[in-house]
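These notes concern the structure reproduced below.
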Amino acid sequence: GLEETICSARCTDNLDDPSNADVYKPQLGYISTLNSYDLPILRFLRLSALRGSIRQNAMVLPQWNANANAVLYVTDGEAHVQVVNDNGDRVFDGQVSQGQLLAIPQGFSVVKRATSEQFRWIEFKTNANAQINTLAGRTSVMRGLPLEVISNGYQISLEEARRVKFNTIETTLTHSSGPASYGRPR
Amino acid sequence: QFPNECQLDQLSALEPSHVLKAEAGRIEVWDHHAPQLRCSGVAFVRYIIESKGLYLPSFFSTAKLSFVAKGKGLMGRVIPGCAETFQDSSVFQPGGQGQQGQQGQGQERQMGQGFRDMHQKVEHLRTGDTIATPPGVAQWFYNDGNQPLVIVSVLDLASHHNQLDRNPRPFHLAGNNPQGQVWVQGREQQPQKNILNGFAPEVLAKAFKIDVRTAQQLQNQQDNRGNIVRVQGPFSVIRPPLRSQRPQEEVN
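Shown next as structure tokens:
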């Protein structure tokens, strides 16, 4: 029975087709993921992948991998990346460019901002269904917390907590250029 | 990771080896290098949260199973991608045209949703509750009782879910730990900050679309309260009433 099961298992998928993107913003770029739901053999390998392509000044909102380590390889362009460890220390703050590799351990928070015309990368993750959690945005951890927890945790007013929680309506990609809407809800 | 780590000739009862004091409670950590814990591949932590104490949201790279040993309180977990199913629209009055109605409309525009607040599920805790928390899921606790809330947790360091080393590593979203992760060798002298502290304030301001001053506030740099803080004023998060708080139904 191997012929019709193991031997014929689909092992290939293409991540470079923007028309199959999971996150797509025409002005900013796209992100596609490949996990065991798309390619079942990945369940056996316990690995998954993410392809990202963002334009200049687009930002991938700060996020962490909940259940995987990640290895990021830059295929095109440059980006400014900051990575923060469990101790709250910035353990990477610099440019990554084509051909370079950056390992991002589980739980470490990362933010990326394209500094060249186009920044494209491939990220390999050590879980068949790697999950991210974002710090800012509509589906972020802040949106899931009550205002009182944010207000007491950061010693800010309820109004400020409301801005922290609701101002960013994007989920993954946002503009990082231009003036921020200081204190004013979008 | 350790050869012969289960070659145990004698077992002993263990007491906590590290105590982290905070404004409204303390966190007691057992030495996970103790032979029997190292063999079991687990770490053990006890949270003691005083009345009106809030354990600020944090997550681990391991799966965690907790047990409420004493007291009562509230707990929230933030699961990636899940909706804010607890919603408070009490500022609205049906058909109301008064001041409250106008205030509600303003907030509706502001949030685009029409709710005073909305967040993920909040649960009541009482003695005996057992709580499973997947890796990477942020969790907070609040003691709304009159006696200390005591929660004990086991962290499964040896599971494949934990892809870091065999050290318990809390990631704090808020607050800080001035004493540092004293249980991790080589980190004795480093205070632990919240993870937002590691980003440049300008980056946070752009990500959250807030001013830089508020972004700096999120970093808790001038904050010495630790990870369990005392809540000033009411803690009016949205939660369903307990069964005992429901009004008695009339029987026919």
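Here the protein sequences come in this chain order: A and B.
Taking the numbering used here, the leading residue of the first sequence gets 2, the next gets one more, and so forth.
Taking the numbering used here, the leading residue of the second sequence gets 2, the next gets one more, and so forth.
All residues carry an ideal CB built from backbone N, CA and C; glycine is no exception.
Since this is a predicted model, take the numbers as computed values, not measurements.
{"Query": "Identity of the residues DSSP links to A:Y155 by a beta bridge", "Result": "The partner list for A:Y155 (beta bridge, DSSP) is empty, contrary to what the question assumes."}
{"Query": "Through-space distance from A:A137 to A:T173, alpha-carbon basis", "Result": "9 Å"}
{"Query": "Neighbouring residues, chain A, relative to B:E19 (Cβ below 9 Å)", "Result": "According to the sequence shown, residue 19 of chain B is His rather than Glu. Under the 9 Å cutoff, chain A gives no residues; its nearest Cβ is about 15 Å from B:H19."}
{"Query": "Minimum Cβ-Cβ distance from B:W141 to chain A less than 7 Å", "Result": "yes"}
{"Query": "CB contact below 7 Å: A:L148 versus chain B", "Result": "yes"}
{"Query": "N- and C-terminal bounds of the alpha helix (DSSP H) containing B:A70", "Result": "Unbroken run through B:A70 is the beta strand (DSSP E), 65-71; no alpha helix (DSSP H)."}
{"Query": "Segment contact, 8 Å Cβ cut-off, at least three pairs: the region 139-153 of chain A with the region 101-116 of chain A", "Result": "no"}
{"Query": "Identity of the residue in A:I123, A:T169, A:T127 nearest A:T135 by Cα", "Result": "A:T169"}
{"Query": "Spatially closest choice to A:I32 from A:N21, A:Y38, A:I42, by CA coordinates", "Result": "A:N21"}
{"Query": "Delimiting residues of the alpha helix (DSSP H) encompassing A:G145", "Result": "142-145"}
{"Query": "Min CB distance B:L57 to chain A below 7 Å", "Result": "yes"}
{"Query": "Range covered by the beta strand (DSSP E) that runs through A:R91", "Result": "91-98"}
{"Query": "Host beta strand (DSSP E) of B:K22 (start-end)", "Result": "19-23"}
{"Query": "Chain A within 7 Å of B:T134, Cβ atoms only", "Result": "no"}
{"Query": "Neighbourhood of A:S182 by C-beta, 6 Å cutoff - its chain only, sequence neighbours within 5 removed", "Result": "For A:S182, the predicted model reports a pLDDT of 39, less than 50, meaning its position is unreliable; a value from the coordinates is still stated below. No residues qualify anywhere along the chain."}
{"Query": "Coil, strand or helix - A:E161 by DSSP", "Result": "helix"}
{"Query": "Where A:F120 falls: helix, strand or coil (DSSP)", "Result": "strand"}
{"Query": "Stretch pair the region 212-220 of chain B + the region 129-137 of chain B: three plus CB contacts closer than 8 Å", "Result": "no"}
{"Query": "Through-space distance from A:N70 to B:H161, alpha-carbon basis", "Result": "11 Å"}
{"Query": "Proximity test, Cβ basis, 7 Å: B:I211 and chain A", "Result": "yes"}
{"Query": "Cβ contact (3+ pairs, closer than 8 Å) linking the region 83-96 of chain A and the region 40-48 of chain A", "Result": "no"}
{"Query": "Any C-beta of chain A under 7 Å from that of B:D157", "Result": "no"}
{"Query": "Exposure of B:K194, with buried meaning 16 or more beta-carbon neighbours within 10 Å", "Result": "buried"}
{"Query": "Min CB distance A:N68 to chain B below 7 Å", "Result": "yes"}
{"Query": "Residues of its chain near B:G107, where Cβ-Cβ distance is below 7 Å and the 5 sequence neighbours each way are ignored", "Result": "Summary for B:G107: the model assigns pLDDT 43, below 50, so the residue's position carries little reliability; its value from the coordinates is reported in the next sentence. So no residue of the chain qualifies."}
{"Query": "Continuous beta strand (DSSP E) stretch holding B:I28: start and end", "Result": "26-30"}
{"Query": "Bridge partners - A:Y25, DSSP secondary structure assignment", "Result": "A:Y31"}
{"Query": "Cβ-Cβ distance between A:I7 and A:G30 below 7 Å", "Result": "no"}
{"Query": "Residues, ordered as in the chain, of the region 89-115 of chain A that lie near chain B by beta-carbon distance below 9 Å", "Result": "G89, D90, R91, V92, D94, P106, Q107, G108, F109, S110, V112, R114"}
{"Query": "Helix, strand or coil at B:E203 [DSSP, three-state]", "Result": "helix"}
{"Query": "Classification of B:Q94 by the beta-carbon crowding that lies within 10 angstroms, buried from 16 upward", "Result": "For B:Q94, the predicted structure reports a pLDDT of 40, less than 50, and the residue's modelled location is therefore unreliable. The matter cannot be settled from this model."}
{"Query": "Residues that A:D39 contacts on chain B, provided the C-beta gap is smaller than 7 Å", "Result": "The contacting residues do not exist; A:D39 stays about 17 Å from chain B at best."}
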